[in-house]
Amino acid sequence: MNPARSNRNPRLNSQAFFERVWDVVRLVPPGRVTTYGAIARFLGSGRSARMVGYAMNASHSQPDVPAHRVVNRNGMLSGKHHFPGQSMEERLEAEGIRVEKDHVKDFHKLFWDPAECLKF
DNA sequence: ATAGTGACTGAAC
DNA sequence: GGTTCAGCCACTA
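Numbering (numbering that gives the first Met the number 0), first residue to last: 0 to 119.
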């Protein structure tokens with residue numbers, strides 16, 4: 000571990016934050032979507048939505064992280080340019096999610112908040 | 001160390 | 001309804 004990196008943030012080092020983000024994204028059910036901000040809030044860093052996006056960028060090397068189910072708060076596929084091979088909308092459509100003009104159709108209905116998994 | 005960048009967001013206009 | 005602005009914070013140059 001890089002000591003210069005590990006204690007930069009006294010609340011949570013970035014490596015642990017990334018792994019938590021990946022764990023949350025793994026919980027998103029197929030056919031549903033969530034947002035960067037929702038994940039950030041769930042992890043207690045409500046203002047770190049950008050870091051969630053950054054974690055997605057780093058999720059390439061991680062197994063079983065459905066990064067295509069994470070969109071911005073408007074349901075827009077803001078990360079579509081970061082998917083090599085099968086595109087983001089192809090992956091979404093494959094789960095039955097309709098995509099129109101880079102936006103998830105019925106985004107409000109399909110939105111999944113990570114906090115939902117605490118209800119049970 | 002400083003400046004610029006970005007898969008973001010909420011408030012302000 | 002929009003569009004713009006200012007915080008946000010890890011990363012890179």
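Here a beta-carbon is modelled for each residue, glycine too, at the ideal position from N, C-alpha and C.
Out of the options, which has the shortest C-alpha to C-alpha gap to residue i?
i	options	result
Asn73	Val51, Phe106, Val98 and Glu92	Phe106
Pro83	Lys108, Glu92, Asn56 and Met75	Asn56
Leu26	Asp63, Gly52, Ala39 and His59	Asp63
Ser60	Leu117, Met75 and Phe17	Phe17
Lys100	Gly45, Met75 and Ala39	Met75
Keeping to the same chain, check which residues put their C-beta closer than 7 angstroms to that of residue i; ignore five residues upstream and five downstream.
i	result
Asn1	For Asn1, the predicted model reports a pLDDT of 41, less than 50, meaning its position is unreliable; a value from the coordinates is still stated below. Counting only Cβ-Cβ distances below 7 angstroms, and skipping sequence neighbours, we find nothing.
Pro9	The pLDDT assigned to Pro9 is 49, lower than 50, so where the model puts this residue is not dependable, and the model offers no usable value.
Arg19	Leu42
Asn71	Thr34, Tyr35 and Ser77
Ser86	Lys79
Cys116	Leu26
His81	Asn56
Glu92	Val98
Keeping to the same chain, check which residues put their C-beta closer than 6 angstroms to that of residue i; ignore five residues upstream and five downstream.
i	result
Glu144	Only positions 0 to 119 of the chain appear in this structure, which leaves residue 144 out of reach.
Glu94	Pro29 and Gly30
Tell me, to the nearest whole angstrom, how far the beta carbon of residue i is from that of residue j; I am working on the premise that it is less than 8 angstroms.
i	j	result
Trp21	Ala54	7 angstroms
Arg31	His67	That pair is no contact at about 12 angstroms.
Val103	Val69	That pair is no contact at about 11 angstroms.
Leaving aside the five residues before and after residue i along the sequence, list all residues of the same chain whose C-beta is less than 8 angstroms from its C-beta, in chain order.
i	result
Asp112	Thr33, Ala37 and Phe41
Lys108	none
Ala39	Gly45, Arg46, Ser47, Ala48, Met50 and Val51
Secondary structure, alpha helix (DSSP H): runs of 4+ residues fully inside the stretch 69–110: 87–92 and 106–109
Every unbroken alpha helix (DSSP H) inside the stretch 34–69 [4 residues or more]: 35–41 and 48–56
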